[in-house]
Each structure stands twice: as C-alpha cells, then as structure tokens.
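What follows is a short report on a single structure.
Residue numbers (the working numbering): 97 to 304.
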C-alpha cells in the first residue's frame with residue numbers, strides 16, 4: 097500500500113481523503129485489476145507508464161479519469177503519464193469543470209469554443225492540461241500506452257486503436273443525463289468521486 101508522496105492543495109486533500117474512504121465493490125475491484133496489473137508490469141520492467149483514457153467526446157468521464165489518475169500517480173510517486181481523448185472533438189464540459197473546481201483543484205482557462213484548462217493539484221507539479229481532443233492528438237503518447245475505455249460507446253465503436261499495448265475497459269455512467277436537472281451538480285460530483293476513489297485505489301496498489 098503506497099503512502100502519500102506529494103503535498104496537494106489543502107481543499108483537494110480533503111476530497112482525496114474522502115475518496116480513499118469510499119467502499120469499492122468486488123465487481124469494480126475486478127474491473128480495476130487489469131489496469132493495476134498493466135501499471136505494475138510496466139513498473140517492474142522499468143518502462144514508462146502511459147495511460148490514455150478514452151470516451152466518445154472527451155468531455156466528461158475521460159477528463160475526470162485523466163485528472164484523477166494523474167493526481168493519484170503523482171500523489172503516490174508513481175511515474176505515470178495520463179492522457180485522455182475521444183473519437184469526436186467537443187469541449188471539456190463546463191459542468192465537469194465546475195465539479196473539478198468543487199473538488200479543490202485550482203483551474204484556469206484560455207480560449208472559447210474548446211478552451212484549454214490548466215488543472216492544478218499541487219504547487220510542486222505542473223498543472224494538468226485538459227481540453228477535448230481525439231485520442232491520437234499529438235499531445236497524447238502515440239505508442240506504448242494502455243487505452244482505458246471509460247464509456248461503452250467508445251469501447252464498442254473503436255475496435256482498433258493504433259499504438260495501444262493493451263485495451264482496458266473501465267466504464268463509468270455518464271452524468272450527462274442529469275444535465276439541466278436539480279440533481280446535476282450532485283450527480284457530477286458523485287461521478288467524479290467514484291473515479292477519484294477508483295484511481296486512488298489503483299495507484300495505491302502499485303509497488304514501486
């Protein structure tokens with residue numbers, strides 16, 4: 097079990113502590129096992145760990161996953177590079193951005209139709225750059241990576257992803273269905289918390 101290796105922003109630390117207290121079902125532990133094994137194998141081989149979290153629009157779930165996975169990797173001192181992408185370009189959904197802010201990340205942005213967000217989790221690490229892009233965008237690692245499929249549509253409609261070493265389904269429910277409802281913020285935060293808890297569990301299991 098890994099211990100904390102990085103000081104994060106105080107507000108974010110509280111969210112992380114809550115995430116690490118969440119109960120993860122046996123069913124979800126089984127889903128996460130191939131991801132843990134992939135990361136551990138790369139570590140044991142002394143090779144780079146590159147993870148590309150993919151959903152259709154690179155708008156909500158894959159963004160949450162990239163941000164929380166990179167934060168967890170840095171938190172535990174695991175040298176992983178986490179990316180995200182989709183099969184269509186839209187924008188990092190503003191509701192998901194708002195949820196990330198509520199979690200304690202410090203966020204700045206530039207641009208209009210598809211803004212580039214800088215997501216800061218620690219004063220000691222460069223911010224995570226987040227914007228909607230294709231999975232093979234130049235900013236993402238082009239080869240020797242695991243494609244982590246975070247939605248059923250992308251998983252079922254992308255039978256081949258060039259450059260990937262392993263395809264790992266880790267699907268999440270889409271909070272989009274609650275857009276414009278009184279439950280909107282709560283549902284986005286619940287989705288983000290689930291992903292946070294599972295990414296922190298995943299990286300806590302990796303032996304350096």
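For every residue, glycine included, the Cβ atom is placed at its ideal position computed from N, Cα and C.
Distance, residue j Cα to residue i Cα
{"i": "residue 270", "j": "residue 162", "result": "16 Å"}
{"i": "residue 101", "j": "residue 137", "result": "21 Å"}
{"i": "residue 106", "j": "residue 113", "result": "11 Å"}
{"i": "residue 241", "j": "residue 134", "result": "10 Å"}
{"i": "residue 140", "j": "residue 130", "result": "15 Å"}
DSSP-derived helix/strand/coil call for residue i
{"i": "residue 246", "result": "coil"}
{"i": "residue 125", "result": "helix"}
{"i": "residue 158", "result": "helix"}
{"i": "residue 274", "result": "helix"}
Sub-8 Å separation of residue i and residue j beta-carbons
{"i": "residue 181", "j": "residue 233", "result": "yes"}
{"i": "residue 111", "j": "residue 205", "result": "no"}
{"i": "residue 244", "j": "residue 148", "result": "yes"}
{"i": "residue 230", "j": "residue 185", "result": "yes"}
{"i": "residue 178", "j": "residue 192", "result": "no"}
{"i": "residue 218", "j": "residue 153", "result": "no"}
Nearest to residue i (by Cα), restricted to the options the options
{"i": "residue 142", "options": "170, 174, 294, 224", "result": "174"}
{"i": "residue 118", "options": "303, 296, 178", "result": "296"}
{"i": "residue 190", "options": "126, 104, 157", "result": "157"}
Terminal residues of the beta strand (DSSP E) in which residue i lies
{"i": "residue 176", "result": "176 to 181"}
{"i": "residue 263", "result": "260 to 265"}
Endpoints, alpha helix (DSSP H) assigned at residue i
{"i": "residue 191", "result": "190 to 199"}
{"i": "residue 202", "result": "Unbroken run through residue 202 is the beta strand (DSSP E), 202 to 206; no alpha helix (DSSP H)."}
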